[in-house]
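Per our numbering, the sequence shown starts with residue 12, numbered consecutively.
The beta-carbon is built from N, C-alpha and C at its ideal position, and this holds for glycine as well.
On a predicted model such as this, the values are computed, not experimentally measured, just so you know.
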Amino acid sequence: MSHFLRRISVAGLLAVAVATVLTPGPAQADQTAPQVTTTTTSVQAPLATNLHVATFTHGQRKVAVAQIRKERAAARASSMRTRAVAIALAQVGDNYSTGGSGPSAFDCSGLTMYAWRRAGVQLEHYSYDQYNQTKHVPTKEALPGDLVFYLDNGAHHVGMYIGRGKIVNASDYGIGVIISPMKGTAWTNAHFTGVGRVV
């Protein structure tokens with residue numbers, strides 16, 4: 012064999028040997044493979060937090076809706092009371108008439124029934140029944156539009172509170188519908204029964 016061919020054979024054997032040494036076996040491949048780890052914590056934690064936030068937000072929404080409804084109901088009631096007072100005051104100077112319920116003559120419960128009916132609430136035409144229809148409130152908490160009752164749980168007389176300690180009421184024959192003190196006279200002090208709220 013020529014010197015040239017021997018050099019090629021030796022070079023080839025060296026190349027094979029180097030390739031064999033550098034090629035990893037199964038164990039080496041396992042050791043050099045990239046390690047992959049998985050965890051569910053990073054997924055579960057945000058999910059739990061999101062559910063908590065969603066529940067909390069839903070609770071807040073319910074509270075907000077309830078508050079809005081409450082405020083709207085209060086505003087509506089205030090508007091109705093204002094209207095009832097305005098209608099009752101518009102009758103000042105009208106005549107008194109037993110059983111009268113308007114539009115130009117009234118008895119005491121006929122006036123309050125007329126005013127509140129025009130404001131959107133139906134009351135019975137009898138002061139004792141109106142006393143039982145209303146929610147009784149302390150005198151110091153009276154609001155314009157509340158009804159004020161006298162004698163025997165309101166069986167004798169009723170007027171409408173208009174503020175500042177005064178009522179509008181259909182008083183009697185020859186007097187008609189007037190504005191008068193809720194209390195302060197001998198008769199009102201002796202026979203005052205209480206205050207009833209319509210709305």
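Residue 191 lies in the beta strand (DSSP E); which residues open and close that run? Taking the first residue of the sequence shown as position 1, residue 191 is located at position 180. Residue 191 -> beta strand (DSSP E) spans 188-192.
Are the CB atoms of residue 132 and residue 210 within a distance shorter than 8 angstroms? Start at 1 with the first residue of the sequence shown, and residue 210 comes out as number 199. Start at 1 with the first residue of the sequence shown, and residue 132 comes out as number 121. In this structure, residue 132 lies closer than 8 angstroms to residue 210 by Cβ.
Boundaries of the alpha helix (DSSP H) in which residue 201 is found, first to last residue: Within the sequence shown, the letter at position 190 stands for residue 201. Where residue 201 is concerned, the enclosing alpha helix (DSSP H) stretches over 197-202.
So, at 6 angstroms on beta carbons, what are the nonlocal neighbours of residue 204 in its own chain, with the 5 sequence-adjacent residues on each side left out? If you number the sequence shown from 1, residue 204 lands on position 193. 160, 161, 164 and 165, listed in sequence order.
Return the first residue and the last residue of the alpha helix (DSSP H) that residue 130 is part of. In the sequence shown, residue 130 corresponds to position 119, counting from 1. Where residue 130 is concerned, the enclosing alpha helix (DSSP H) stretches over 119-130.
Say whether the segment 104-113 touches the segment 178-196, bearing in mind that this needs 3 or more beta-carbon pairs closer than 8 angstroms, one atom from each stretch. yes
Here's the rule: buried if 16 or more other CB atoms are within 10 angstroms of the residue's CB, otherwise exposed. What is residue 78? Position 67 of the sequence shown holds residue 78. So residue 78 counts as exposed.
Indicate whether residue 172 and residue 157 have their beta-carbon atoms separated by less than 8 angstroms. For the purposes of this step, residue 172 is taken as the residue at position 161 of the sequence shown. For the purposes of this step, residue 157 is taken as the residue at position 146 of the sequence shown. Going by C-beta atoms, residue 172 is nearer than 8 angstroms to residue 157.
Tell me the residue span of the alpha helix (DSSP H) that contains residue 142. Here residue 142 corresponds to residue number 131 of the sequence shown, with the count starting at 1. Run containing residue 142: 138-144, per the alpha helix (DSSP H) assignment.
Top-ranked residue by Cα proximity to residue 137, from 130, 148, 147 and 123: If you number the sequence shown from 1, residue 137 lands on position 126. Here the closest residue by C-alpha is 123.
For residue 127 and residue 85, I'd like the C-alpha separation in whole angstroms. If you number the sequence shown from 1, residue 127 lands on position 116. If you number the sequence shown from 1, residue 85 lands on position 74. Spanning the two alpha carbons is a distance of roughly 17 angstroms.
Does the separation of the CB atoms of residue 99 and residue 179 fall below 8 angstroms? Your numbering for residue 99 matches position 88 in the sequence shown. Your numbering for residue 179 matches position 168 in the sequence shown. In this structure, residue 179 lies closer than 8 angstroms to residue 99 by Cβ.
Burial state of residue 115 (16 or more Cβ within 10 Å): Here residue 115 refers to the residue found at position 104 when the sequence shown is read from its first residue. So residue 115 ends up on the exposed side.
Rounded to the nearest angstrom, what separates residue 119 and residue 181 at their Cα positions? The residue you call residue 119 lines up with position 108 of the sequence shown. The residue you call residue 181 lines up with position 170 of the sequence shown. Spanning the two alpha carbons is a distance of roughly 5 angstroms.
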